[in-house]
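Residue numbers (the numbering used here), protein chains in the order written: chain A, 1 to 197; chain B, 1 to 311; chain C, 1 to 202.
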């Protein structure tokens, strides 16, 4: 039981997919314009991660090694397609906001990476918690980055104005601002890691 | 033996002139343009410049103290960055704008790369494009010269919107009697400063001359209604071209090492500036052109390196 | 089909909406492989090649297989499989035709399967050049050209980045910023500089 909890928590800090493993940056930078989008993408990706990790770990013994990557992709793509359709049906606004980055979850390094590095070598329970932890870690990272970008770029967070008469620097809503924020955050993370040693 | 091998970026050979002497001379060469800016746009120009310089120097000081590095604020390079940033701003901006811009210039443009001699991009321009992307309204609201409450468009902005101003006399363009950024409008003052740097041998002709000539040529060929009808003199005297060509495109660190490389750099800047002025959405392209060429500099250096004897 | 459209696709895909610096596609290899010029160029060349090929094939599949049979929702799944198969095929062909080239591309070819840029380009083509389930005039050529241009934009960003990072080896970048952080900060400034091309109108 303890090991299962460990599998879950490692995805949140110690092996956080965004800040430590530096994976899955494409959607992170693209959708982190607002916290709402960040949460949306995080939940969608977690769903795909959970589903595909579980299925992969269940069928791992039946997949010939040579074609395992394409098989993983089929599994992942199925879950992504389900996600796509659900979003289009129940939350078209979010679907439009996330745009092409929803189908791109299929090639998200985090999802494929966990399938390849973990799910195909571990049992169902571990894979479930690993996927959950990674998904939560990813969502957490998305929320942090989006909060910074939304606040600096529009003066609001989740649509609520925090400081009156604040003239927001628009650059943070743009790609350049996203790259700057992630660069500085990664640097900060490294600094903290170095100090801890 | 390994620690006797010092590998560093350029320049490797230092003249007897120390770095600070060169930097402070550049500061002096910028004073005429600063005085002109104050005359034309009022005391606001001075406050903005002082705010930018103060913020730049403080940022460098704090950063170096916090990182435990040698304090280099007295070498004048932070002062130059502050002045150049201020010169790229309209006179009507609120004082927090140059402060933020200067912090960004110093941190993102210079300190995060390792300090003096390590920057890839011209720090003042990094700050300027950051400000432009962040607060476009403030960065594009200009006041009429000698009358700080009336808004007026810069000649290039008017051109971009298709409203050709009643033809501004070249003399007015030359002495800066029109809307624009604090340090870019008075060509006369800028040329005086550039002359000082040339006489002292601190800048060479390759970059400024090729930059200006290329821009003029391109605008002559493509910049008018039909080919070969462009008003090249107007374009050379407008916008930030003279300021950029003599004081920012000549940054020692962010530009190619060899003369051949510098010519390529100047031509590249010229073409990019002209292309943005003619077909881009912005009326002025100098900042972007120089930054893009800064990015290309490592490549230019690679292919124009002097052949080592015997290789 | 007119020249204007092609010109605007070119400027748009290479400079304004640069696939890496603006759309954030292909970031993983961008920060991982852009440390030296040779591998950066090899990766970019391979990516351009695959994007072009896949733009063509995915367009055909969408137009003649998915749309007529109302299977548009299978787009993601089919595109990804097509790309994976294409990469395998290209790998086999290159290995046969030019072992030297195969050695040069090395592992990059396999990595491209998961490169967001390739799938992203295919999806973008569909989104941009199909309206309400019908291809616009010249759709195929626009898609193909956009694929090429996205590859070119990718190459441009990678080459600039590798040039800068090679030079950065000589600079005293603070230790916390080594590798990824400084790469992103450089990309941020590059992205700002490319904004000079915003609003381009021929």
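We put the CB at the ideal spot given by N, CA and C, even for glycine. Because the structure is a prediction, the values reported are computed rather than measured.
Taking the alpha carbon of residue 136 of chain C as the reference point, which residue from C/63, C/17, C/150 has its own alpha carbon closest? Working through the third chain from its first residue, we reach residue 136 of chain C at position 136. Looking at the Cα atoms, C/63 is the closest of the given residues.
When the Cβ atoms of the region 108-117 of chain A are set against those of the region 17-37 of chain A, are three or more pairs found closer than 8 Å? yes
Whole angstroms is fine: what's the gap from residue 85 of chain B's alpha carbon to residue 76 of chain B's? Stepping through the second chain from its first residue, residue 85 of chain B is reached at position 85. Stepping through the second chain from its first residue, residue 76 of chain B is reached at position 76. Rounded to the nearest angstrom, the two C-alpha atoms are 14 Å apart.
Tell me whether residue 14 of chain A sits in a helix, a strand or coil according to DSSP, three-state version. Numbered from 1 along the first chain, position 14 holds the residue referred to as residue 14 of chain A. Note: residue 14 of chain A maps to coil in three-state DSSP.
To the nearest angstrom, report how far apart residue 196 of chain A and residue 38 of chain A are at their CA atoms. Within the first chain, the letter at position 196 stands for residue 196 of chain A. Within the first chain, the letter at position 38 stands for residue 38 of chain A. Using only the alpha carbons, I get a separation of about 29 Å.
In the structure shown, what three-state DSSP assignment does residue 228 of chain A receive? Outside the displayed span of chain A (1 to 197) sits residue 228 of chain A, for which this structure offers no information.
To the nearest angstrom, how far is the alpha carbon of residue 211 of chain B from that of residue 252 of chain B? Here residue 211 of chain B refers to the residue found at position 211 when the second chain is read from its first residue. Here residue 252 of chain B refers to the residue found at position 252 when the second chain is read from its first residue. The alpha-carbon atoms of residue 211 of chain B and residue 252 of chain B are separated by roughly 16 Å.
What are the start and end residues of each continuous alpha helix (DSSP H) run of 4 or more residues lying completely inside the region 245-295 of chain B, in chain order? 259-279
Can you tell me whether DSSP reads residue 95 of chain A as helix, strand or coil? Within the first chain, residue 95 of chain A is the residue found at index 95, counting from 1. Three-state DSSP puts residue 95 of chain A in a helix.
Partners in chain A for residue 134 of chain B, counting only beta-carbon separations shorter than 7 Å: As a position in the second chain, residue 134 of chain B is number 134, starting the count at 1. Going along chain A in sequence order, the residues near residue 134 of chain B (Cβ under 7 Å) are 169, 170, 171.
Helix, strand or coil, according to DSSP, for residue 1 of chain B in the structure here? As a working mapping, residue 1 of chain B is identified with position 1 in the second chain. Unreliable positioning characterises residue 1 of chain B in this predicted model, as indicated by a pLDDT of 47, which lies under 50. A coordinate reading is not provided.
Whole angstroms are fine: how far does the CA of residue 29 of chain B sit from the CA of residue 23 of chain B? Taking the first residue of the second chain as 1, we reach residue 23 of chain B at position 23. Taking the first residue of the second chain as 1, we reach residue 29 of chain B at position 29. Cα to Cα, the separation comes out at about 10 Å.
In three-state terms, what does DSSP make of residue 118 of chain B? The residue you call residue 118 of chain B lines up with position 118 of the second chain. Reduced to three states, the DSSP call for residue 118 of chain B is coil.
Of all the residues that make up the region 174-201 of chain C, which are near chain B by a beta-carbon distance shorter than 9 Å? 174, 177, 181, 182, 185, 186, 188, 189, 190, 192, 193, 194, 195, 196, 197, 198, 199, 200, 201
Inter-residue CB distance, residue 57 of chain A and residue 75 of chain A (contact presumed, cutoff 8 Å): Residue mapping note: residue 57 of chain A aligns to position 57 of the first chain, counting from 1. Residue mapping note: residue 75 of chain A aligns to position 75 of the first chain, counting from 1. The pair is not a contact, with the Cβ atoms about 11 Å apart (cut-off 8 Å).
Mind checking the region 55-89 of chain A against chain C and listing, in chain order, the residues whose C-beta falls within less than 8 Å of any C-beta there? 69, 70, 73, 74, 77, 78, 80, 81, 84, 85
Strictly by DSSP, which residues pair up with residue 203 of chain C? Outside the displayed range of chain C (1 to 202) lies residue 203 of chain C, so it cannot be described from this structure.
Give me the Cα-Cα distance between residue 181 of chain A and residue 185 of chain C, rounded to the nearest whole angstrom. The residue labelled residue 181 of chain A in the question sits at position 181 within the first chain. The residue labelled residue 185 of chain C in the question sits at position 185 within the third chain. Approximately 8 Å, taken between the alpha carbons.
Strictly below 7 Å CB to CB, what residues from chain A border residue 113 of chain B? For the purposes of this step, residue 113 of chain B is taken as residue 113 along the second chain, with counting starting at 1. The premise fails here: residue 113 of chain B is roughly 12 Å from chain A at the closest Cβ pair, so nothing lies under 7 Å.
Here's the rule: buried if 16 or more other CB atoms are within 10 angstroms of the residue's CB, otherwise exposed. What is residue 150 of chain A? Taking the first chain and counting its residues from 1, one reaches residue 150 of chain A at position 150. Buried, since its Cβ has 16 or more Cβ neighbours within 10 Å.
Counting Cβ pairs closer than 8 Å, one from the region 61-75 of chain C and one from the region 153-173 of chain C, do we hit at least three? no
Kindly list the residues whose CB is nearer than 6 Å to the CB of residue 178 of chain A, restricted to its own chain and excluding five residues on each side of it in sequence; keep chain order. As a working note, residue 178 of chain A is residue 178 in the first chain. Taken in chain order, the residues that qualify are 29.
Boundaries of the alpha helix (DSSP H) in which residue 106 of chain B is found, first to last residue: On the second chain, residue 106 of chain B is found 106 positions in, with the first residue counted as 1. Taken as a continuous stretch (DSSP letters only), the alpha helix (DSSP H) holding residue 106 of chain B covers 96-109.
Rounded to the nearest angstrom, how far is the Cβ of residue 102 of chain B from that of residue 59 of chain B, given a contact under 8 Å? What you label residue 102 of chain B is simply residue 102 of the second chain in a count that begins at 1. What you label residue 59 of chain B is simply residue 59 of the second chain in a count that begins at 1. Residue 102 of chain B to residue 59 of chain B, Cβ: 7 Å. Contact.
Can you name, in chain order, every residue of its own chain whose Cβ lies under 8 Å from the Cβ of residue 222 of chain B, other than the five neighbours on each side? Along the second chain, read from residue 1 onward, the residue named residue 222 of chain B stands at position 222. Within the same chain, residue 222 of chain B has close Cβ partners 230, 274, 278.
Where residue 194 of chain A and residue 63 of chain B are concerned, what is the direct C-alpha to C-alpha distance, given to the nearest angstrom? Sequence index remark: in the first chain, residue 194 of chain A carries index 194 (1-based). Sequence index remark: in the second chain, residue 63 of chain B carries index 63 (1-based). Approximately 18 Å, taken between the alpha carbons.
What's the gap between the Cα of residue 2 of chain B and the Cα of residue 19 of chain B? Within the second chain, numbered from 1, the residue matching residue 2 of chain B stands at position 2. Within the second chain, numbered from 1, the residue matching residue 19 of chain B stands at position 19. The predicted position of residue 2 of chain B is uncertain, since its pLDDT is 47 and thus under 50; no value can be drawn from it.
Leaving out five residues on either side along the sequence, give the residues of the same chain with a beta carbon under 7 Å from the beta carbon of residue 115 of chain C. As a working mapping, residue 115 of chain C is identified with position 115 in the third chain. Same-chain partners within the cutoff: 26, 29, 47.
With a Cβ-Cβ cutoff of 8 Å, do residue 297 of chain B and residue 255 of chain B count as a contact? Taking the first residue of the second chain as 1, we reach residue 297 of chain B at position 297. Taking the first residue of the second chain as 1, we reach residue 255 of chain B at position 255. Yes, these two residues count as a Cβ contact at 8 Å.
Between residue 254 of chain B and chain C, is there a C-beta pair that is closer than 8 Å? Within the second chain, the letter at position 254 stands for residue 254 of chain B. No, residue 254 of chain B lies away from the interface with chain C (no Cβ there is under 8 Å from its Cβ).
Of all the options A/141, A/54, A/142, A/173, which has the alpha carbon lying nearest to the alpha carbon of residue 156 of chain A? The sequence position of residue 156 of chain A within the first chain is 156, counting from 1. That would be A/173, whose Cα lies nearest to the Cα of residue 156 of chain A.
Just the C-alpha distance for residue 95 of chain A and residue 102 of chain A, rounded to the nearest angstrom, thanks. As a first step, residue 95 of chain A is located in the first chain; it is residue number 95 there, counting from the start. As a first step, residue 102 of chain A is located in the first chain; it is residue number 102 there, counting from the start. When rounded, the distance between both Cα atoms is 8 Å.
Counting only Cβ pairs nearer than 7 Å, list the residues of chain B close to residue 164 of chain C. In the third chain, the residue the question calls residue 164 of chain C occupies position 164. Under the 7 Å cutoff, chain B gives 120, 295, 298.
Span of the alpha helix (DSSP H) holding residue 43 of chain C? As a position in the third chain, residue 43 of chain C is number 43, starting the count at 1. 37-61 is the extent of the alpha helix (DSSP H) around residue 43 of chain C.
Counting only beta-carbon separations shorter than 8 Å, does residue 172 of chain C have a partner in chain B? In the third chain, counting from the first residue as 1, residue 172 of chain C sits at position 172. At least one chain B Cβ lies under 8 Å of residue 172 of chain C.
Please confirm whether residue 89 of chain B and residue 181 of chain B have their CB atoms less than 8 Å apart. One-based indexing of the second chain puts residue 89 of chain B at position 89. One-based indexing of the second chain puts residue 181 of chain B at position 181. Contact flag set, yes.
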